[in-house]
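Counting in our numbering, the sequence shown runs without a single skipped number right up to 285 at its last residue. Worksheet for the structure shown next.
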Amino acid sequence: MRKISCSLVFLVLISVSCAHVISKEMRREISRDITFKQIIKDPEAYVGKIVLISGIIIDSENTEEGTLIEILQKQADMEGRPKDVDDSDGRFLALYDGYLDTAIYTQGRAVAVAGEIRGKKVLPLGQIDYTYPFIFIKEIHLFKVQKEERYYIYPHPYPYRWWDYPYLYP
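Here is the structure:
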């Protein structure tokens with residue numbers, strides 16, 4: 116009996132630790148057969164579809180309609196976090212109906228956006244006009260900043276141990 120209860124607790128802890136960042140109800144509505152490559156080619160063909168896209172924030176601003184976020188799409192890992200790769204299929208605009216602090220939702224932060232495709236917007240990007248797929252955000256998740264851990268080749272920060280000095284080193 117004790118083995119069963121221990122293994123049950125272990126399984127519950129494992130399943131909770133693998134929780135997705137977007138709610139279960141929203142994940143049921145997502146159209147999984149649509150890729151971002153298809154959306155970027157013709158956003159008008161997918162108007163009304165619910166999608167989940169991960170990426171890195173390029174810019175954000177508060178407008179009268181809400182918070183408008185420009186995001187660089189990235190492939191997502193199993194938990195929905197954008198992978199740290201140089202591969203992207205393009206940019207998109209996401210509008211949140213409400214206020215998001217642009218000091219928090221700032222350039223370089225990783226996000227996952229679940230929302231409805233509302234068409235496209237053509238805006239200047241440098242010296243060209245860029246066609247952005249336009250998504251109305253239903254759920255958004257801002258990932259915590261990942262800190263890089265220091266990696267030491269030696270088990271200690273300094274390769275020579277002070278107590279070995281007179282005996283091992285000249």
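The beta-carbon is built from N, C-alpha and C at its ideal position, and this holds for glycine as well. This one's a predicted model, so the numbers in the text were calculated from it and none came from an experiment.
- Shortest Cα-Cα distance from LYS259 to any of ALA229, ASP204, ILE243, ARG196 involves ARG196.
- In the structure shown, LYS236 adopts extended strand secondary structure according to DSSP, grouped into three states.
- The Cβ neighbour count for ARG147, taken over all protein chains shown within 10 Å, is under 16; the residue is labelled exposed.
- Rounded to whole angstroms, the gap between the alpha carbons of ARG233 and ILE252 is 10 Å.
- Relative to the Cα of ILE172, the nearest Cα in the group LYS139, LEU257, GLU263 belongs to LEU257.
- Secondary structure of ILE155 (DSSP, three-state): helix.
- Closest in C-alpha terms to GLN190, from the list ASP244, THR178, ASP204, ILE184, comes ASP204.
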